[in-house]
Amino acid sequence: MIADKIKLSTRRVIVIGASTGGTEATLKILKRMPKNTPGIAVTQHMPPGFTKMYADRLNKICSMEVREAVNGDRVEEGVVLIAPGDKHMRLMKADKGYYVSCKTGDKVNGHCPSVDILFNSAAEAAGKNSVGIILTGMGKDGAQGLMNMKKAGAYTIGQDEKSSVVYGMPMAAYNIGAVTVQSPIENIADILIRYLNK
Numbered sequence: 001m002i003a004d005k006i007k008l009s010t011r012r013v014i015v016i017g018a019s020t021g022g023t024e025a026t027l028k029i030l031k032r033m034p035k036n037t038p039g040i041a042v043t044q045h046m047p048p049g050f051t052k053m054y055a056d057r058l059n060k061i062c063s064m065e066v067r068e069a070v071n072g073d074r075v076e077e078g079v080v081l082i083a084p085g086d087k088h089m090r091l092m093k094a095d096k097g098y099y100v101s102c103k104t105g106d107k108v109n110g111h112c113p114s115v116d117i118l119f120n121s122a123a124e125a126a127g128k129n130s131v132g133i134i135l136t137g138m139g140k141d142g143a144q145g146l147m148n149m150k151k152a153g154a155y156t157i158g159q160d161e162k163s164s165v166v167y168g169m170p171m172a173a174y175n176i177g178a179v180t181v182q183s184p185i186e187n188i189a190d191i192l193i194r195y196l197n198k
């Protein structure tokens, strides 16, 4: 039986990156996470406007509060921040936990927001206190960032080929050794909860 509560830790943070098929994949994880889950930051390749609608939709379904990120938002227990559709979101360290920086910028790997930007910032700001999850999507955005997270001591999870709509981003990460554990989307929430309760 998976616990419905998670051990408290203000230092822990979770980052998720996804593209094609990722809106439903991310939902499958988030709807299983208890309200006291450490803060989560999500970069989903999506145009402006749609990220706000997506966040509002998830907020109605999930136990955690889900909202589109605003520059300077704190990453707090029980809160999921979705990167705005036209801004790169970076995780930043503060005296008491983390916050996000959301700023416009050039496309990275063809995307703004870019998963690599989020993952690289998590490697730098949180290191071993972070968990990186790469989900279905075309291309390789996020693969190198996830590798940098793993090198910094983070726990990393990749979606498997069978459950991915497009096995591009998770495959690119897996092929360079950035994925600690690969799993069908249905099991990722359980894997995450077990890891957080260690």
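Note that our numbering has the sequence shown beginning at 1, numbered continuously upward. For glycine and all other residues, C-beta sits at the position ideal for the given N, C-alpha and C.
Rounded to whole angstroms, the gap between the alpha carbons of Asn175 and Met89 is 25 Å. Bridge partners of Tyr98 according to DSSP: Val75 and Lys93. In this structure, Ala189 keeps its C-beta atom at 9 Å or more from the C-beta atom of Arg11. Distance from the CA atom of Gly153 to the CA atom of Phe50, rounded to whole angstroms, is 33 Å. Taking C-beta atoms as the reference points, Gly177 and Met147 count as a pair closer than 9 Å.
One Cα belongs to Ser114, the other to Lys96, and the distance between them is close to 26 Å. With respect to Gly137, Val15 sits apart: the two C-beta atoms are not nearer than 9 Å.
By DSSP's assignment, Ser183 forms a beta bridge with Gln159. Beyond the five residues adjoining it in sequence on each side, Leu135 comes within less than 6 Å, by CB distance, of Ala18, Gly22, Ala25 and Gln159 in the same chain, given in chain order.
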